[in-house]
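Residue numbers for the sequence shown, in mature numbering (1 follows the signal peptide of the UniProt record, and there is no 0): -18 to -1, 1 to 250.
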Amino acid sequence: MRCLLSIIALAGLTGCIATPPMAPKLDVPKKPLLTKSVYQISYSTELESARIKSVQLPAHPVKSGNTVYIDTSKVSMTDTLRKQIIQLLKDKGLTVVAQKSSDYHLVVQQLDLSFGKDKVYVLNKPEDPHPYIAQLAQTIPSKQCSNIIASLSMRLTHKSSSDVIWFAKSSINSAGYQGIPLQYTFTETEKVTNEHAVISFIVEQNQEQARRARYNQSVKIPPYQVESQISPLVKTAGACNKTEVSALTSDMMHYLSKGLIEKLNVLL
(Lines of atoms letter the chains of each structure in order from A and count residues from 1; the text may use other names and numbers.)
(Lines give C-alpha, C1' and ligand atoms only; values in the text may rest on other atoms or scores of the structure.)
Protein backbone atom coordinates (compact mmCIF):
# COMPACT_ATOMS: atom_id res chain seq x y z
CA MET A 1 0.00 0.00 0.00
CA ARG A 2 2.82 2.38 0.90
CA CYS A 3 4.48 1.54 -2.39
CA LEU A 4 1.34 2.36 -4.34
CA LEU A 5 0.97 5.79 -2.69
CA SER A 6 4.60 6.56 -3.40
CA ILE A 7 4.14 5.77 -7.08
CA ILE A 8 1.03 8.05 -7.33
CA ALA A 9 2.81 10.93 -5.58
CA LEU A 10 5.85 10.55 -7.81
CA ALA A 11 3.64 10.57 -10.90
CA GLY A 12 1.92 13.80 -9.76
CA LEU A 13 5.25 15.45 -9.10
CA THR A 14 6.55 14.42 -12.48
CA GLY A 15 3.44 15.92 -14.16
CA CYS A 16 3.96 19.28 -12.42
CA ILE A 17 7.58 19.41 -13.42
CA ALA A 18 6.68 18.53 -17.02
CA THR A 19 4.21 21.50 -17.33
CA PRO A 20 6.21 24.44 -18.82
CA PRO A 21 5.91 27.71 -16.90
CA MET A 22 4.10 30.72 -18.43
CA ALA A 23 4.94 34.41 -18.45
CA PRO A 24 2.42 36.74 -16.78
CA LYS A 25 -0.34 38.24 -18.84
CA LEU A 26 0.28 41.60 -20.45
CA ASP A 27 -1.85 44.60 -19.54
CA VAL A 28 -3.26 46.92 -22.13
CA PRO A 29 -1.12 50.09 -21.95
CA LYS A 30 -2.78 53.37 -21.13
CA LYS A 31 -3.47 55.57 -24.09
CA PRO A 32 -1.56 58.86 -24.28
CA LEU A 33 -3.30 62.10 -23.40
CA LEU A 34 -4.85 63.37 -26.60
CA THR A 35 -5.40 67.05 -27.36
CA LYS A 36 -8.02 68.97 -29.34
CA SER A 37 -7.33 72.54 -30.44
CA VAL A 38 -9.49 75.05 -32.32
CA TYR A 39 -7.85 77.64 -34.54
CA GLN A 40 -9.33 80.73 -36.17
CA ILE A 41 -8.32 82.42 -39.40
CA SER A 42 -9.74 85.41 -41.23
CA TYR A 43 -9.85 86.94 -44.70
CA SER A 44 -10.11 90.72 -45.10
CA THR A 45 -10.94 93.09 -47.92
CA GLU A 46 -10.87 96.83 -48.46
CA LEU A 47 -13.98 98.32 -46.87
CA GLU A 48 -15.91 101.32 -48.12
CA SER A 49 -18.23 103.26 -45.85
CA ALA A 50 -21.64 104.47 -46.99
CA ARG A 51 -21.46 107.47 -49.29
CA ILE A 52 -24.03 110.06 -48.25
CA LYS A 53 -24.90 113.34 -49.94
CA SER A 54 -27.51 115.56 -48.32
CA VAL A 55 -28.58 119.10 -49.20
CA GLN A 56 -31.32 121.04 -47.38
CA LEU A 57 -32.60 124.44 -48.48
CA PRO A 58 -33.83 127.00 -45.94
CA ALA A 59 -36.87 128.24 -47.89
CA HIS A 60 -39.42 126.14 -45.97
CA PRO A 61 -38.09 124.98 -42.57
CA VAL A 62 -39.35 121.56 -41.54
CA LYS A 63 -40.85 121.65 -38.08
CA SER A 64 -41.76 119.00 -35.56
CA GLY A 65 -45.38 117.96 -36.01
CA ASN A 66 -45.44 118.67 -39.78
CA THR A 67 -47.26 116.04 -41.79
CA VAL A 68 -45.49 113.94 -44.40
CA TYR A 69 -46.87 111.77 -47.19
CA ILE A 70 -44.53 109.04 -48.46
CA ASP A 71 -44.54 108.73 -52.25
CA THR A 72 -43.14 105.39 -53.46
CA SER A 73 -44.68 105.48 -56.93
CA LYS A 74 -41.25 105.47 -58.59
CA VAL A 75 -39.85 102.44 -56.80
CA SER A 76 -40.78 99.01 -55.56
CA MET A 77 -40.61 99.02 -51.78
CA THR A 78 -41.24 96.25 -49.29
CA ASP A 79 -43.74 96.72 -46.49
CA THR A 80 -40.93 96.20 -44.00
CA LEU A 81 -38.85 99.06 -45.38
CA ARG A 82 -41.88 101.32 -45.56
CA LYS A 83 -42.63 100.71 -41.89
CA GLN A 84 -39.01 101.37 -41.03
CA ILE A 85 -39.03 104.72 -42.87
CA ILE A 86 -42.28 105.69 -41.16
CA GLN A 87 -40.73 104.99 -37.78
CA LEU A 88 -37.60 106.98 -38.67
CA LEU A 89 -39.74 110.00 -39.63
CA LYS A 90 -41.73 109.67 -36.41
CA ASP A 91 -38.48 109.59 -34.45
CA LYS A 92 -37.72 112.94 -36.07
CA GLY A 93 -40.98 114.36 -34.71
CA LEU A 94 -42.86 114.27 -38.02
CA THR A 95 -46.34 112.87 -38.56
CA VAL A 96 -46.74 110.40 -41.42
CA VAL A 97 -50.16 110.51 -43.10
CA ALA A 98 -51.86 108.72 -45.96
CA GLN A 99 -53.26 111.90 -47.55
CA LYS A 100 -51.40 113.74 -50.29
CA SER A 101 -52.59 117.02 -48.80
CA SER A 102 -49.83 116.81 -46.20
CA ASP A 103 -47.32 119.57 -45.46
CA TYR A 104 -44.56 117.69 -47.25
CA HIS A 105 -44.11 114.82 -49.68
CA LEU A 106 -41.19 112.46 -49.16
CA VAL A 107 -40.46 111.05 -52.60
CA VAL A 108 -38.32 107.91 -52.77
CA GLN A 109 -36.67 108.38 -56.14
CA GLN A 110 -34.23 105.49 -56.24
CA LEU A 111 -34.14 102.16 -54.47
CA ASP A 112 -31.76 99.82 -56.23
CA LEU A 113 -30.04 96.56 -55.43
CA SER A 114 -27.57 95.14 -57.92
CA PHE A 115 -24.70 92.70 -57.96
CA GLY A 116 -21.36 94.39 -58.52
CA LYS A 117 -17.89 93.05 -59.11
CA ASP A 118 -16.92 90.31 -56.66
CA LYS A 119 -14.93 91.39 -53.62
CA VAL A 120 -11.59 89.66 -53.04
CA TYR A 121 -10.82 88.76 -49.44
CA VAL A 122 -7.16 88.03 -48.62
CA LEU A 123 -5.98 85.67 -45.88
CA ASN A 124 -4.67 87.54 -42.84
CA LYS A 125 -1.29 86.36 -41.62
CA PRO A 126 -1.54 85.08 -38.02
CA GLU A 127 1.05 85.97 -35.39
CA ASP A 128 1.74 82.32 -34.60
CA PRO A 129 1.19 80.45 -37.85
CA HIS A 130 0.04 76.84 -37.77
CA PRO A 131 1.44 74.51 -40.46
CA TYR A 132 -2.07 74.09 -41.86
CA ILE A 133 -2.49 77.87 -42.11
CA ALA A 134 0.79 78.02 -43.99
CA GLN A 135 -0.67 75.43 -46.34
CA LEU A 136 -3.83 77.51 -46.76
CA ALA A 137 -1.67 80.51 -47.62
CA GLN A 138 -0.47 78.49 -50.60
CA THR A 139 -3.69 76.74 -51.61
CA ILE A 140 -6.41 79.26 -50.64
CA PRO A 141 -4.66 82.66 -50.28
CA SER A 142 -7.88 84.55 -51.09
CA LYS A 143 -11.63 84.15 -51.47
CA GLN A 144 -13.98 85.78 -53.94
CA CYS A 145 -17.31 86.84 -52.49
CA SER A 146 -20.49 88.10 -54.07
CA ASN A 147 -21.00 91.83 -53.72
CA ILE A 148 -24.32 93.67 -53.70
CA ILE A 149 -24.54 97.43 -54.11
CA ALA A 150 -27.51 99.14 -52.44
CA SER A 151 -28.48 102.66 -53.56
CA LEU A 152 -31.18 104.91 -52.13
CA SER A 153 -32.19 108.50 -52.86
CA MET A 154 -35.01 110.70 -51.48
CA ARG A 155 -36.30 114.21 -51.82
CA LEU A 156 -38.66 116.23 -49.65
CA THR A 157 -41.08 118.53 -51.42
CA HIS A 158 -43.05 121.38 -49.88
CA LYS A 159 -46.63 120.56 -50.89
CA SER A 160 -48.13 124.02 -51.32
CA SER A 161 -45.22 125.49 -53.28
CA SER A 162 -43.88 122.29 -54.91
CA ASP A 163 -40.40 123.41 -53.89
CA VAL A 164 -37.82 120.71 -53.27
CA ILE A 165 -36.34 121.65 -49.93
CA TRP A 166 -34.22 118.57 -49.23
CA PHE A 167 -32.63 115.85 -51.29
CA ALA A 168 -30.23 113.12 -50.30
CA LYS A 169 -28.73 109.96 -51.69
CA SER A 170 -26.53 107.18 -50.40
CA SER A 171 -25.02 103.87 -51.44
CA ILE A 172 -23.05 101.07 -49.86
CA ASN A 173 -21.84 97.62 -50.85
CA SER A 174 -22.37 94.46 -48.85
CA ALA A 175 -18.72 94.22 -47.77
CA GLY A 176 -18.73 97.76 -46.43
CA TYR A 177 -22.06 97.22 -44.69
CA GLN A 178 -20.78 94.13 -42.86
CA GLY A 179 -17.56 95.86 -41.91
CA ILE A 180 -15.98 92.60 -40.71
CA PRO A 181 -13.59 90.03 -42.16
CA LEU A 182 -14.65 86.54 -43.13
CA GLN A 183 -13.86 84.32 -40.18
CA TYR A 184 -13.27 80.56 -40.23
CA THR A 185 -12.26 77.94 -37.71
CA PHE A 186 -10.67 74.54 -38.05
CA THR A 187 -10.08 71.89 -35.40
CA GLU A 188 -6.93 69.85 -34.92
CA THR A 189 -7.67 66.58 -33.10
CA GLU A 190 -5.13 63.96 -32.03
CA LYS A 191 -6.21 60.36 -32.52
CA VAL A 192 -4.61 56.96 -31.90
CA THR A 193 -4.44 55.24 -35.26
CA ASN A 194 -3.24 51.76 -34.22
CA GLU A 195 -5.33 51.03 -31.11
CA HIS A 196 -6.83 47.90 -32.70
CA ALA A 197 -3.36 46.59 -33.58
CA VAL A 198 -2.08 47.14 -30.01
CA ILE A 199 -5.07 45.36 -28.45
CA SER A 200 -4.77 42.48 -30.93
CA PHE A 201 -1.11 42.09 -29.97
CA ILE A 202 -2.01 41.96 -26.25
CA VAL A 203 -4.75 39.36 -26.85
CA GLU A 204 -2.39 37.21 -28.91
CA GLN A 205 0.43 37.42 -26.37
CA ASN A 206 -1.93 36.46 -23.53
CA GLN A 207 -2.73 33.11 -25.11
CA GLU A 208 -1.23 30.16 -23.14
CA GLN A 209 1.04 29.08 -25.96
CA ALA A 210 2.43 32.60 -26.39
CA ARG A 211 2.89 33.01 -22.62
CA ARG A 212 4.93 29.78 -22.49
CA ALA A 213 6.98 30.88 -25.50
CA ARG A 214 7.94 34.22 -23.92
CA TYR A 215 8.66 32.86 -20.44
CA ASN A 216 11.73 34.64 -19.05
CA GLN A 217 11.83 36.74 -22.21
CA SER A 218 11.08 40.41 -22.54
CA VAL A 219 8.42 41.47 -24.98
CA LYS A 220 7.95 44.94 -26.45
CA ILE A 221 4.38 46.08 -26.80
CA PRO A 222 3.90 48.19 -29.94
CA PRO A 223 3.64 51.85 -28.94
CA TYR A 224 0.52 53.80 -29.71
CA GLN A 225 0.78 55.87 -32.84
CA VAL A 226 -0.76 59.34 -32.59
CA GLU A 227 -1.66 61.42 -35.61
CA SER A 228 -3.25 64.85 -35.91
CA GLN A 229 -6.36 65.21 -38.01
CA ILE A 230 -7.50 68.58 -39.38
CA SER A 231 -11.20 69.30 -39.87
CA PRO A 232 -12.54 71.23 -42.88
CA LEU A 233 -12.85 74.99 -42.51
CA VAL A 234 -16.10 76.17 -40.91
CA LYS A 235 -17.21 79.77 -41.54
CA THR A 236 -18.26 81.50 -38.34
CA ALA A 237 -18.77 85.11 -39.49
CA GLY A 238 -19.24 87.09 -42.67
CA ALA A 239 -21.45 86.69 -45.72
CA CYS A 240 -19.78 85.51 -48.92
CA ASN A 241 -21.94 83.48 -51.32
CA LYS A 242 -24.93 84.92 -53.17
CA THR A 243 -27.48 83.52 -50.75
CA GLU A 244 -25.69 84.91 -47.70
CA VAL A 245 -25.12 88.31 -49.27
CA SER A 246 -28.68 88.57 -50.57
CA ALA A 247 -29.94 88.02 -47.03
CA LEU A 248 -28.29 91.32 -46.05
CA THR A 249 -30.24 93.52 -48.46
CA SER A 250 -33.18 94.30 -46.18
CA ASP A 251 -30.89 95.49 -43.39
CA MET A 252 -28.74 97.39 -45.89
CA MET A 253 -31.72 99.43 -47.08
CA HIS A 254 -32.78 100.15 -43.50
CA TYR A 255 -29.22 101.29 -42.80
CA LEU A 256 -29.24 103.66 -45.77
CA SER A 257 -32.69 105.01 -44.88
CA LYS A 258 -31.59 105.75 -41.35
CA GLY A 259 -28.43 107.46 -42.55
CA LEU A 260 -30.36 109.72 -44.93
CA ILE A 261 -33.22 110.69 -42.64
CA GLU A 262 -30.77 111.47 -39.86
CA LYS A 263 -29.45 114.23 -42.15
CA LEU A 264 -32.87 115.88 -42.35
CA ASN A 265 -32.97 118.95 -40.09
CA VAL A 266 -36.28 119.22 -38.23
CA LEU A 267 -36.91 122.25 -35.98
CA LEU A 268 -38.46 121.60 -32.58
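By construction, the Cβ of each residue, glycine as well, lies at the ideal position given by its N, Cα and C atoms.
Figure out for me which residue from 120, 234 and 43 has the closest Cα to the Cα of residue 148.
-> Locating residue 148 in the sequence shown gives position 166, where the first residue counts as 1. Nearest C-alpha to residue 148 among 120, 234 and 43: 43.
Could you have a look at residue 4 and say whether DSSP puts it in helix, strand or coil?
-> For the purposes of this step, residue 4 is taken as residue 22 along the sequence shown, with counting starting at 1. Coil.
Are the CB atoms of residue 163 and residue 25 nearer to each other than 8 Å?
-> As a first step, residue 163 must be located in the sequence shown, where it is residue number 181. As a first step, residue 25 must be located in the sequence shown, where it is residue number 43. Yes, Cβ-Cβ distance for residue 163 and residue 25 is below 8 Å.
Check each candidate in 183, 234 and 231 and name the one with the smallest Cα separation from residue 9.
-> Stepping through the sequence shown from its first residue, residue 9 is reached at position 27. Here the closest residue by C-alpha is 183.
Return the chain-ordered list of same chain residues with a C-beta closer than 6 Å to the C-beta of residue 207, the five sequence neighbours on each side being excluded.
-> For the purposes of this step, residue 207 is taken as the residue at position 225 of the sequence shown. 175 and 176.
Do three or more CB pairs link the region 107 to 123 to the region 26 to 37 at distances below 8 Å?
-> no
Given residue 98, which residues of its chain have a CB within under 8 Å of its CB, disregarding the five upstream and five downstream residues?
-> Position 116 of the sequence shown holds residue 98. Excluding sequence neighbours, residue 98 sits near 129, 130, 131 and 155.
Residue 197 burial status per 10 Å Cβ neighbour count (16 or more: buried) | The sequence position of residue 197 within the sequence shown is 215, counting from 1. When all chains shown are included, residue 197 counts as exposed.
How is residue 132 classed by DSSP in three states: helix, strand or coil?
-> The count along the sequence shown starts at 1 and reaches residue 132 at position 150. In this structure, residue 132 counts as strand in the three-state DSSP scheme.
Would you check if the distance between the CB atom of residue 33 and the CB atom of residue 152 is smaller than 8 Å?
-> Here residue 33 corresponds to residue number 51 of the sequence shown, with the count starting at 1. Here residue 152 corresponds to residue number 170 of the sequence shown, with the count starting at 1. Against a cut-off of 8 Å, the Cβ pair of residue 152 and residue 33 comes out as a contact.
Unbroken alpha helix (DSSP H) runs of length 4 or more, entirely within the region 158 to 184: which are they?
-> none
For the putative contact between residue 30 and residue 158, defined by C-beta atoms under 8 Å, what is the C-beta separation to the nearest angstrom?
-> Numbered from its first residue, the sequence shown carries residue 30 at position 48. Numbered from its first residue, the sequence shown carries residue 158 at position 176. Between residue 158 and residue 30 the Cβ distance is about 4 Å, and since that is below 8 Å, they are a contact.
Compare the Cα-Cα distances from residue 172 to each of 1, 6 and 16 and report the closest residue.
-> Numbered from its first residue, the sequence shown carries residue 172 at position 190. It is 16.
Do you know whose CA, among 28, 27, 204 and 137, lies nearest residue 13's CA?
-> Here residue 13 refers to the residue found at position 31 when the sequence shown is read from its first residue. Minimum Cα distance to residue 13 is reached at 204.
Reference residue 87, options 167, 79 and 224, closest by Cα | The residue given as residue 87 occupies position 105 in the sequence shown. That would be 79, whose Cα lies nearest to the Cα of residue 87.
Quick one: grab the DSSP three-state call for residue 140.
-> Locating residue 140 in the sequence shown gives position 158, where the first residue counts as 1. In the structure shown, residue 140 sits in a strand (DSSP, three-state: E or B).
Hey, how far is the Cα of residue 127 from the Cα of residue 229?
-> As a first step, residue 127 must be located in the sequence shown, where it is residue number 145. As a first step, residue 229 must be located in the sequence shown, where it is residue number 247. Residue 127 and residue 229 have their alpha carbons spaced roughly 14 Å apart.
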